[in-house]
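Report on the structure given below.
Residue numbers (the numbering used here): 463 to 771.
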């Protein structure tokens, strides 16, 4: 039976929330100790920027959605990812992690590269490639990062915020994989054509230079901060588990490529890390930030102010 995307869209509309719904002055901020604040500040900054990488991905997906309803769903997801980033920035303000001007922390070089590549090439990526990459990032990064955060922080406002965010993300992942099913049910010719399009040198190079070190660095950072590797494994395994349930997702070559990469990501002993991921982290670390130019204008939409949707 065909998935009811119209019903999903209505659910998304019904479940909207805003930063103004949260009492940012409620008790609990004092649970953020100086030691935990120092540990969590770079982590939270990365999390905020990762949300905006996802937002940019959904903006590109909206332009190539297979139906008008799915296009509107992606537009909502784009806005929700931005809202998640703003809510996480508001938490940083609550915990005293921002400077006196409330300025957004600079993203690390790998996140900057991801933002630039998505901004420059995201709209030209084939639908199958981008529609497969986004749920992997949501499962691997959002899943693992949020689980770690909620284990470390006891502030009830943080847990309230992430109840909203996790509810949104559950709908994102459901819709993501249903879109993959829809794509996979398409003609073999179209799947082959889009798969060949994914092999363009600029796309392959972008994935290797940008997303391999991005995911690898985030993986090592959260494990170093204390996330059990088993939890990381479970977060990444979710991508292959959900995708494996789909009858037609299996027909998408990009799904199998990224599933194989996901398996390598969680296995630190795999040669993937020694021969590709670790060297790419070292190489990208040497890239001067000035070479990436000014931040994209859409990043200026990041704000910790509790505005209504």
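We put the CB at the ideal spot given by N, CA and C, even for glycine.
In terms of CA proximity to residue 741, 676 leads the group 470, 676, 701, 518. Nearest Cα to residue 704 within the set 686, 643, 670, 732: 643.
Counting other Cβ atoms within 10 Å of its Cβ, residue 522 reaches 16 or more and is therefore classed as buried. At the C-beta level, residue 569 and residue 511 come within 7 Å of one another.
In this model, residue 595 and residue 635 are separated by some 12 Å (Cα to Cα). In this structure, 728 is the residue among 566, 572, 526, 728 with its C-alpha nearest to the C-alpha of residue 696. If you look at residue 559, you'll find it isn't in any alpha helix (DSSP H); DSSP assigns it neither H nor E. Annotation for residue 740: the continuous alpha helix (DSSP H) segment containing it runs 740-747. Counting the other CB atoms within 10 Å of its CB gives residue 691 a total below 16, which places it among the exposed residues. A residue is called buried once 16 or more other Cβ atoms fall within 10 Å of its Cβ, and residue 747, having fewer, is exposed. Ranking 715, 633, 739 by CA distance to the CA of residue 656 puts 715 first. Of the candidates 471, 489, 552, 506, 471 places its Cα closest to the Cα of residue 533. In the DSSP assignment, residue 511 falls within the unbroken alpha helix (DSSP H) covering 496-525.
DSSP places residue 465 in the coil class of the three-state scheme, outside both helix and strand. The region 476-490 and the region 610-623 touch, with three or more beta-carbon pairs separated by less than 8 Å.
Here residue 476 is exposed, its C-beta having fewer than 16 other C-beta atoms within 10 Å. Scanning the region 637-671 for uninterrupted alpha helix (DSSP H) segments of 4 residues or longer gives 650-659, 663-668, listed from N- to C-terminal end.
Distance between residue 580 and residue 597, taken at the CA atoms: about 15 Å.
For residue 648, the closest alpha carbon among the candidates 607, 710, 700 is that of 710.
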